[in-house]
Amino acid sequence: MHKRKFSIFLVLMLAVSAVLAACGGGSSSSDDSGQTSDKGGENNVLNLSETQDIPSMDSALAKDAVSFAVMDSVMEGLYRLGEDDKAVEGMAEGEPQISEDGKTWTIKLRDAKWSNGEPVTANDFVYGWRKVLNPDTAAEYAYIMYDIKNAAAVNSGKMKPEELGIKAIDDKTLEIQLENAVPYFKELLTFATFLPQNEAFVTEQGDQFGLEADTVLYNGPFTLAEWKHEDNFVMKKNPEYWDAETVKLETINTKIVKDTQTDVNLFESGELDRVKLSSEFVDKYKEQDGFQTVKEASVFFLRLNQTSNDILKNVDARKAIAMAYDKTGITDTLLNNGSVPADYFVPAEFVQGPDGKDFRETAGSYLQTDIDAAKEHWAKAKKALGQDTMELELLSYDDDLSKKVTEYLKEQLESNLEGLTVNIKLQPFKQKLDLETAMDYEMSLAGWGPDYPDPMTYLDMYVTDGSHNQSGYSNPEVDKLVQQAKTTLLTDEQARWDALVQVEKLMMEDAALAPVYQRARAYLTNTDAEGIVYHKFGPDYSLKWASVTR
Amino acid sequence: MVKYTLKRLFYMVLTLFIIATITFFLMKLLPGSPLTNQEKLSPDQQEIILDKYGLNDPVPVQYVNYMTNLVQGDLGLSFQYDNRSVTQMIGERIGPSAELGFQAIVFGTIVGILLGIVSALKHNTIIDYAATTIAVLGISIPSFVFAGLLQYFVGVQWQLLPVASWEGFEYTIMPTLALSVFVIATVARYMRSELLEILSSDYITLARAKGVSAPSIMIKHALRNALIPIITLLGPLAVNIMTGSLVIERIFAIPGIGEQFVRSINTNDFTVIMGTTLFYSVLFVVVIFIVDILYGVIDPRIRVSGGGRK
Chain A
1 MHKRKFSIFL
11 VLMLAVSAVL
21 AACGGGSSSS
31 DDSGQTSDKG
41 GENNVLNLSE
51 TQDIPSMDSA
61 LAKDAVSFAV
71 MDSVMEGLYR
81 LGEDDKAVEG
91 MAEGEPQISE
101 DGKTWTIKLR
111 DAKWSNGEPV
121 TANDFVYGWR
131 KVLNPDTAAE
141 YAYIMYDIKN
151 AAAVNSGKMK
161 PEELGIKAID
171 DKTLEIQLEN
181 AVPYFKELLT
191 FATFLPQNEA
201 FVTEQGDQFG
211 LEADTVLYNG
221 PFTLAEWKHE
231 DNFVMKKNPE
241 YWDAETVKLE
251 TINTKIVKDT
261 QTDVNLFESG
271 ELDRVKLSSE
281 FVDKYKEQDG
291 FQTVKEASVF
301 FLRLNQTSND
311 ILKNVDARKA
321 IAMAYDKTGI
331 TDTLLNNGSV
341 PADYFVPAEF
351 VQGPDGKDFR
361 ETAGSYLQTD
371 IDAAKEHWAK
381 AKKALGQDTM
391 ELELLSYDDD
401 LSKKVTEYLK
411 EQLESNLEGL
421 TVNIKLQPFK
431 QKLDLETAMD
441 YEMSLAGWGP
451 DYPDPMTYLD
461 MYVTDGSHNQ
471 SGYSNPEVDK
481 LVQQAKTTLL
491 TDEQARWDAL
501 VQVEKLMMED
511 AALAPVYQRA
521 RAYLTNTDAE
531 GIVYHKFGPD
541 YSLKWASVTR
Chain B
551 MVKYTLKRLF
561 YMVLTLFIIA
571 TITFFLMKLL
581 PGSPLTNQEK
591 LSPDQQEIIL
601 DKYGLNDPVP
611 VQYVNYMTNL
621 VQGDLGLSFQ
631 YDNRSVTQMI
641 GERIGPSAEL
651 GFQAIVFGTI
661 VGILLGIVSA
671 LKHNTIIDYA
681 ATTIAVLGIS
691 IPSFVFAGLL
701 QYFVGVQWQL
711 LPVASWEGFE
721 YTIMPTLALS
731 VFVIATVARY
741 MRSELLEILS
751 SDYITLARAK
761 GVSAPSIMIK
771 HALRNALIPI
781 ITLLGPLAVN
791 IMTGSLVIER
801 IFAIPGIGEQ
811 FVRSINTNDF
821 TVIMGTTLFY
831 SVLFVVVIFI
841 VDILYGVIDP
851 RIRVSGGGRK
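In order, the protein sequence lines correspond to chains A and B.
At position 263 of the first sequence the residue is numbered 263 (the numbering used here), and the sequence of numbers has no breaks.
To convert, take the position in the second sequence, counting from 1, and add 550; that gives the numbering used here.
Here it is in structure tokens:
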């Protein structure tokens, strides 16, 4: 027995020494972790998280929320998006000079420097924009520039990049020619795709441009000082920035955290100053200081494929469907993150008309939940179709939340519309898109966010044979008004606005689609942090005006 | 032994070639394009981009192109991470995954062996029951549940260890623990039953009768034989760790390769799917290879029947 004890002791010793040896290799890096644990305590140091790494810092290729947010902090275009999503001065000094017909913009640049000391010139914009539209760049957001003269032709290779409607009159003066005098062009200029790029630097970096923190140039309020891929990145205040005195934050640390629970845990332990909450966390934190919901301009709705069967061709059937579900059940119970029921297609708090009023104040609300009216329309539809029982397929995304929303919709539609059976079909995101493009669906829960700050980004979706229509909906009156709003009415802002209001009204009266909700996100922010500006278009948020006082 | 190894190497390359081919064609069956904003682009605009990347070519042509590049060691450029080379991406992300996996398997095996020995020696005592209970729990509780509990209690409530991230040794402790639970449990269970069997076998009795000391019996005779099945286990365990680390990396915000793999599939990032699949395949094949060799080292009988030894 005594000897056996010794053997255990021996084995234990062996094991312990092996564990210690194995650990020894990793401990060399533990020194720097001491610093990181106190970085939460300083003034004007903001600790954030993102769910994914920055795909690229090449502004021509930017296509995702993280890139847009980071580029907003470290770069600057002619204008930048300020509070209430209005364009404020950036590299441009003062207001643009706009020609009588609204198609020629002349913009003076201020004296500003890139982070390598070179001045930011008009040529940097010319180079950057031509690069975006050059088909060799294969930029996904090239289409956002299609309002510039010859842009579409350049992008499809029919014209040379040099024929694009932008030229540098001198180092500090830029002239832009437009295809159409779009009223929101100044706000559009804040979009990341319109950022300047320094040709000499980009050429020098070659295929490494935009891939590391030191293979990009910065001209924004901050610079990207450190970028550890998939791990974290650090932004520092840019002392060379023209408006540096406005900028209060010294350092912004961003961790890549993919799991919401982990994000919340990091917030709880004081390592993050802000966390984006998913629905299941809202109840726990909604009473806490620093809880806030931010409405997005994303509207979720049911696509109703009017080519798939006779039922959805019938306007009464479509109306019945659009009015037969209680939207608050989705927004207040399932989503629970500040999302609101949508009785419209153009979102609330998104754009204001020439009168300064929100689009939604001018336009009415349509297709509100009304079970009785839904039942009436349904009875009419049944009569017209000569059918008593009907089946419809409902396509949706396969994530947990969409699944719940879809099941809820099924239950509501089936219990309120007698004789209707809804068959749910859940598909991964890309597969769902393919089915919609092929119009191989009947009803589909879909979302749409804005590309530019104008109701048109929603309304021209439903023109006859539009590439995003995907439902066979066609109303000549809608087509005509959309066409006018894009051409002849451009110079008469009020008339254009009225036309847009009318387009939405027509679409809703036809129940071209069945609106469900306007999405919001819920944040929990450390009360020490102030001045983060949230946007409904372009970057999700701006940090230029933020500060932290511990 | 050389001939044997060469033969094994040939089969390894063949296996990888077949995996690459199957993955390539399966991947092409995925719906949708790798474009991030596919739903926003008109068909014409999509064409412009897909043309540039050669994705409008017939699939067999794409396959030949890909394989030609692959043979030259070029894994291509990522779509989601605009123009970043896949080789570089894997290179950057392999470090944390490898460190985590290595620590988990080393720690798990050692603790598992210990636990197994203790419960075998203390057979049918409280200690044995406790160790067995731990083993059963370890096998039945998924590692992500354990990870979540660890993170909440040790990290947030008691603040003993950092909640997440990858910035130094103390950041690796919780993920290593979470990932090694399954290893500990599996190894302990096998170790216990093997040892029990061996300790009651004739040759141990003989050794005792000859007056060999207890530690010597334990280390020279019992342990060495009991380790054979453990080594067989290491292969599947290593694979288990690789797949388990997908979740653990996510929970502890570790910049590893697992998350990359999952994400690339969801976003149709073709080159990254191929790159990471091949990477995992290589790792898997190599692990099997090493286990086979180790097996030979520990048990001469296998070397002989393997036919390779001269």
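Ideal Cβ positions, reconstructed from N, Cα and C, are used throughout, including at glycine.
- Every alpha helix (DSSP H) of 4 residues or more that sits fully in the region 771-841 of chain B is shown, in chain order, as 774-801, 807-816.
- When 8 angstroms is used as the limit between beta carbons, W708 of chain B is near no residue of chain A, the shortest such separation being about 11 angstroms.
- For the pair F300 of chain A and V516 of chain A, the CB atoms are nearer than the 8 angstroms cut-off.
- Only residues of its own chain outside the window of five on either side were considered, and among them K103, D147, K486, T487, L490 have a CB closer than 8 angstroms to the CB of N180 of chain A, listed in chain order.
- Counting the other CB atoms within 10 Å of its CB gives T307 of chain A a total below 16, which places it among the exposed residues.
- For W448 of chain A, there is no enclosing alpha helix (DSSP H); the enclosing beta strand (DSSP E) covers residues 443-448.
- A distance of 8 angstroms or more separates the beta carbons of P135 of chain A and G165 of chain A.
- In the DSSP annotation of this structure, the continuous segment of the alpha helix (DSSP H) that includes D752 of chain B starts and ends at 752-759.
- Near chain B, meaning a CB-to-CB distance below 9 angstroms, the residues of the region 134-148 of chain A are P135, D136, T137, A138, A139, E140, Y141, A142, Y143.
- In chain order, E493, Q494, W497 place their CB closer than 7 angstroms to the CB of P354 of chain A, counting only its own chain and leaving out the 5 sequence neighbours on each side.
- Proximity of the region 241-257 of chain A to the region 43-55 of chain A meets the contact definition, three or more beta-carbon pairs being nearer than 8 angstroms.
- A distance below 7 angstroms between beta-carbons, with the five flanking residues on each side excluded, links I667 of chain B to the following residues of its chain, in chain order: M741, L745.
- Residue range 676-690 is occupied by the alpha helix (DSSP H) that includes S690 of chain B.
- Shown here, A363 of chain A sits in coil according to DSSP, grouped into three states, outside any helix or strand.
- Going by C-alpha positions, L413 of chain A is about 7 angstroms away from L420 of chain A.
- At a cut-off of 3 residues, the continuous stretches assigned as beta strand (DSSP E) that sit fully inside the region 29-98 of chain A are 45-50, 79-81, 87-89.
- In the displayed model, V516 of chain A falls within a strand according to three-state DSSP.
- D259 of chain A belongs to the set of residues whose beta carbon lies under 8 angstroms from a beta carbon in chain B.
- Contact between the region 633-648 of chain B and the region 813-825 of chain B is present, with at least three C-beta pairs closer than 8 angstroms.
- A contact between stretches requires three or more CB pairs, one per stretch, nearer than 8 angstroms, and the region 419-435 of chain A fails this requirement with the region 461-473 of chain A.
- At a cut-off of 8 angstroms between beta carbons, K63 of chain A contacts chain B.
- Considering only A:K108, A:Y184, A:D398, the residue with the shortest C-alpha distance to V351 of chain A is A:Y184.
- Assignment of F209 of chain A by DSSP, reduced to helix, strand and coil, places it in the coil class.
- For Q596 of chain B, the enclosing alpha helix (DSSP H) stretches over residues 593-602.
- For D231 of chain A, the chain B residues whose Cβ falls inside 7 angstroms of its Cβ are W716, P805, in order along the chain.
- Assignment of Y458 of chain A by DSSP, reduced to helix, strand and coil, places it in the helix class.
- The residue from A:K160, A:E175, A:K131 with its alpha-carbon nearest to that of A122 of chain A is A:E175.
- Boundaries of the beta strand (DSSP E) harbouring D170 of chain A: 166-170, taken from the DSSP string.
- Along the region 235-255 of chain A, the positions whose C-beta sits under 9 angstroms from a C-beta of chain B are K255, read in chain order.
- Proximity of chain B to T223 of chain A at the Cβ level (cut-off 9 angstroms) is not reached, the minimal Cβ distance being about 20 angstroms.
- Look at the region 591-610 of chain B: the residues with a C-beta under 8 angstroms from a C-beta of chain A are L591, S592, P593, D594, Q595, I598, I599, D601, K602, Y603.
- By DSSP's assignment, S396 of chain A forms a beta bridge with A:L426.
- Pairing M235 of chain A with L224 of chain A gives a Cβ-Cβ distance under 8 angstroms.
- Per DSSP, R496 of chain A lies in no beta strand (DSSP E); the unbroken alpha helix (DSSP H) holding it starts and ends at 493-509.
- Contact residues of the region 726-744 of chain B toward chain A are absent (C-beta to C-beta distance below 8 angstroms).
- In this structure, B:R739 is the residue among B:E589, B:P584, B:L566, B:R739 with its C-alpha nearest to the C-alpha of I660 of chain B.
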